[in-house]
Amino acid sequence: MTRSLLGSTALLCLLFVNEANAAECKPAPILSTPQLKISGQTSFNSWFFNNKERLKLNEVDLSNSTNGTFQATPNHRQYYGHDQLFSVDRSKLRFNVDGKTDRGMEYGLVVVIEGNTSATKSVRENYLYFGGSWGKIYAGDTYGVEDTMAFGGFSQWGGTGFIDGPYERVVNKTFGAPNSIDLAGNTSRDTKFTYLTPRWNGLQAGVSFSPMEHRGEQIISSKTSTSSPKAPFYKDNVAGGINFIHKFCNGLDMALSATGVVARSAPPYAGAASRHMVSGYAFGGNFNYANIGFGLEYGNNGKSYQYKRTGTPVNAGQFLDFGLSYTYGPTKFSAGYFYGWRNALGAVNPAALEGRSNINIAAAGYRKEKAKTNAVSAAIDRKLAPGLGVYVEYQYYNMKNPAAGDEARRLNAELANGGAGAGNSPTPNNKANVVVVGSRLVF
733 MTRSLLGSTA
743 LLCLLFVNEA
753 NAAECKPAPI
763 LSTPQLKISG
773 QTSFNSWFFN
783 NKERLKLNEV
793 DLSNSTNGTF
803 QATPNHRQYY
813 GHDQLFSVDR
823 SKLRFNVDGK
833 TDRGMEYGLV
843 VVIEGNTSAT
853 KSVRENYLYF
863 GGSWGKIYAG
873 DTYGVEDTMA
883 FGGFSQWGGT
893 GFIDGPYERV
903 VNKTFGAPNS
913 IDLAGNTSRD
923 TKFTYLTPRW
933 NGLQAGVSFS
943 PMEHRGEQII
953 SSKTSTSSPK
963 APFYKDNVAG
973 GINFIHKFCN
983 GLDMALSATG
993 VVARSAPPYA
1003 GAASRHMVSG
1013 YAFGGNFNYA
1023 NIGFGLEYGN
1033 NGKSYQYKRT
1043 GTPVNAGQFL
1053 DFGLSYTYGP
1063 TKFSAGYFYG
1073 WRNALGAVNP
1083 AALEGRSNIN
1093 IAAAGYRKEK
1103 AKTNAVSAAI
1113 DRKLAPGLGV
1123 YVEYQYYNMK
1133 NPAAGDEARR
1143 LNAELANGGA
1153 GAGNSPTPNN
1163 KANVVVVGSR
1173 LVF
């Protein structure tokens, strides 16, 4: 690389001298027109599933609370305990407009179109990028470094992606039980500014800044949550990441990462109980040798978004994820494991949270409960042609939270006091078995 740069510099100097001595004037170079590239992916899945918790309760509509009693939202989707489902998942078209200046700086626009026919918004990502020897900048609606720079067991998972996939389509998640490999305060595709350093000897660092939960031309609200149901939200979110990639002489590939998120937290609406600031971190790694791959990750969300002054050591949870894979020709075998746990916030007097608004939530009292999720997966992926493949996957989930009802009703009571429009369903403990047969096209 260094020799190439030195050689190019010497050549440019010679050309400059020759051109300066030339009698004739030559026209300035014409820059190439930015090029449009189109890529995308889609998958068709057939799900067979069975939940021990047969039916997820209707979402609570607090706007219908006439006498302080929470009402169920009419026609809200209900999740059956066992059945079969066809779904088209993770469908998207990606449009890249890529250009380069005469000094070599790369620039471009990326727009990702959502392929979900039931989506209310058609654009999934929309951002500009600029790159050069000084690093790379992303500005717009796209993922931050807490997502793009992390390594872990999820990198080895096949099929639909296990707990990082669309499993919530068929699994009734227990309220308050950890069930994600994302850190609390994850900005997803919120509007942000990201800077990545050049990779030096395998090492790269990056930082993303998101002022608030906001995308595109969405109307902002700095005092009230824009999600439904309303929930605590972040402000001034700063995510950082650093990773290291190295290939040893014996053929071993190693990738290590450390990521973290820090942000101010805000309650669901102005005047609601204050919450702890967002503060979480994760460490992960991937190791590949010949046809074998292994990955692992540990994440800790601290007390992110949790109630202050409860006198109870409640937290937002921790998680571990592992992944193992073996590739034999066009076939990949993989297995995954996820374990998440947290101190949940139960109630000493649960009756104080039942069916009433405008109450003193603290009257319910606080007690610590243990919430946890154990999940495993196994998948076989078969490549049929470039970009085309099929797979079969098995997933098992065991989710427990003795405080699920207390936590959901406490939040519902808080939302009712603030005149919010919708609440949460306290889905109890659940075990689920899932089998997926699917196909995927990537181009």
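The numbers in this note's numbering rise by one with no breaks, and the one at position 166 of the sequence shown is 898. The beta-carbon is built from N, C-alpha and C at its ideal position, and this holds for glycine as well.
{"Check": "Express the C-alpha separation of MET944 and GLU756 in angstroms, rounding to a whole number.", "Outcome": "With a pLDDT of 48 at GLU756, under the threshold of 50, the modelled position of this residue cannot be trusted; read the value that follows with caution. Rounded to the nearest angstrom, the two C-alpha atoms are 57 Å apart."}
{"Check": "DSSP beta-bridge partners for ASP1053?", "Outcome": "GLU1029 and PHE1070"}
{"Check": "With three or more C-beta pairs closer than 8 Å as the rule, is the stretch 1162-1171 touching the stretch 1125-1140?", "Outcome": "yes"}
{"Check": "Restricting to Cα atoms, I'd like to know which of PRO1082, ASN828, SER819 and ILE913 is closest to ARG1070.", "Outcome": "First, the amino acid is wrong: residue 1070 is Phe here, not Arg. The shortest C-alpha separation from PHE1070 is found at ILE913."}
{"Check": "Can you tell me the Cα-Cα spacing of GLY983 and ILE1024, whole angstroms?", "Outcome": "11 Å"}
{"Check": "Going by the CB atoms, is the gap between ALA990 and VAL1015 shorter than 8 Å?", "Outcome": "The residue asked about is misnamed: residue 1015 is Phe in this sequence, not Val. Result yes, Cβ atoms of PHE1015 and ALA990 sit closer than 8 Å."}
{"Check": "Tell me the rounded alpha-carbon separation between LYS1064 and VAL1122.", "Outcome": "11 Å"}
{"Check": "Consult DSSP for PHE883 and reduce its assignment to one of helix, strand or coil.", "Outcome": "coil"}
{"Check": "Could you tell me whether the Cβ atoms of GLN888 and GLY1027 are closer together than 8 Å?", "Outcome": "yes"}
{"Check": "Within 10 angstroms of its Cβ, does ASP968 collect 16 or more other Cβ (buried), or is it exposed?", "Outcome": "exposed"}
{"Check": "State yes or no: is the C-beta of GLY847 within less than 8 Å of the C-beta of THR774?", "Outcome": "yes"}
{"Check": "Cutting at 6 Å between CB atoms, please list the residues of its own chain near LYS758, excluding the five before and the five after it.", "Outcome": "Below a pLDDT of 50, predicted positions are generally treated as unreliable, and LYS758, at 49, falls in that range; no measurement from the model is reported."}
{"Check": "Leaving out five residues before and five after GLY831 in sequence, what residues of the same chain have Cβ atoms less than 7 Å from its Cβ?", "Outcome": "PRO766, TYR839 and GLY840"}
{"Check": "Are the Cβ atoms of ALA916 and VAL994 separated by less than 8 Å?", "Outcome": "no"}
{"Check": "Following the continuous beta strand (DSSP E) through SER1109, name the residue where it begins and the one where it ends.", "Outcome": "1099-1117"}
{"Check": "Just how far apart, CA to CA, sit GLY1003 and GLN1038?", "Outcome": "16 Å"}
{"Check": "Inspect the beta-carbon positions of SER942 and THR919 and report whether they are closer than 8 Å.", "Outcome": "yes"}
{"Check": "At which residues does the beta strand (DSSP E) containing TYR1001 begin and terminate?", "Outcome": "Unbroken run through TYR1001: none, as it is neither H nor E."}
{"Check": "My guess is that GLY1017 and HIS978 are in contact by the Cβ rule of under 8 Å, so how many angstroms apart are they, rounded?", "Outcome": "The Cβ separation is near 11 Å, so there is no contact."}
{"Check": "Looking only at its own chain, which residues have a Cβ that is under 7 Å from the Cβ of TYR859, when we skip the five neighbours before and after it?", "Outcome": "VAL842, TYR870, ALA871, GLY872, ASP873 and THR874"}
{"Check": "By Cβ distance below 7 Å, which residues in the same chain neighbour GLY1034 in space, the five residues on each side in sequence not counted?", "Outcome": "SER1011, GLY1012, ASN1047 and ALA1048"}
{"Check": "Can you tell which of PHE883, ILE770 and THR833 has its C-alpha closest to the C-alpha of VAL844?", "Outcome": "ILE770"}
{"Check": "Kindly list the residues whose CB is nearer than 6 Å to the CB of LEU988, restricted to its own chain and excluding five residues on each side of it in sequence; keep chain order.", "Outcome": "PHE976 and GLY1017"}
{"Check": "Is GLN888 helix, strand or coil by DSSP?", "Outcome": "helix"}
{"Check": "Nearest-angstrom Cα distance between LEU928 and GLY885?", "Outcome": "23 Å"}
{"Check": "Cβ atoms of ALA1076 and GLU1251: under 8 Å apart, would you say?", "Outcome": "Look at the range of the chain in this structure, 733 to 1175, and you will see that residue 1251 is not part of it."}
{"Check": "Alpha carbon to alpha carbon, how far is SER940 from LYS924? Give it in angstroms, no decimals.", "Outcome": "7 Å"}
{"Check": "Identify whether GLY1137 lies in helix, strand or coil by the three-state DSSP scheme.", "Outcome": "helix"}
{"Check": "Which of helix, strand or coil does DSSP assign to ASN918?", "Outcome": "coil"}
{"Check": "Nearest CA to the CA of GLN816: which residue from PRO999, VAL902, GLY938 and LYS784?", "Outcome": "VAL902"}
{"Check": "Return the residue from the list GLU1146, ARG1172 and LYS1132 that minimises the CA-CA distance to PHE907.", "Outcome": "LYS1132"}
{"Check": "By a C-beta neighbour count over all protein chains shown, 10 Å radius and 16 as the cutoff for buried, is PHE1175 buried or exposed?", "Outcome": "exposed"}
{"Check": "Tell me the rounded alpha-carbon separation between THR1058 and LEU1173.", "Outcome": "It is Tyr, not Thr, that sits at residue 1058 in the sequence shown. Answer to the nearest angstrom: the Cα atoms are 21 Å apart."}
{"Check": "With DSSP as the reference, please indicate the residues paired to LEU817 in a beta bridge.", "Outcome": "TRP779"}
{"Check": "Helix or strand or just coil, what does DSSP make of GLU900?", "Outcome": "helix"}
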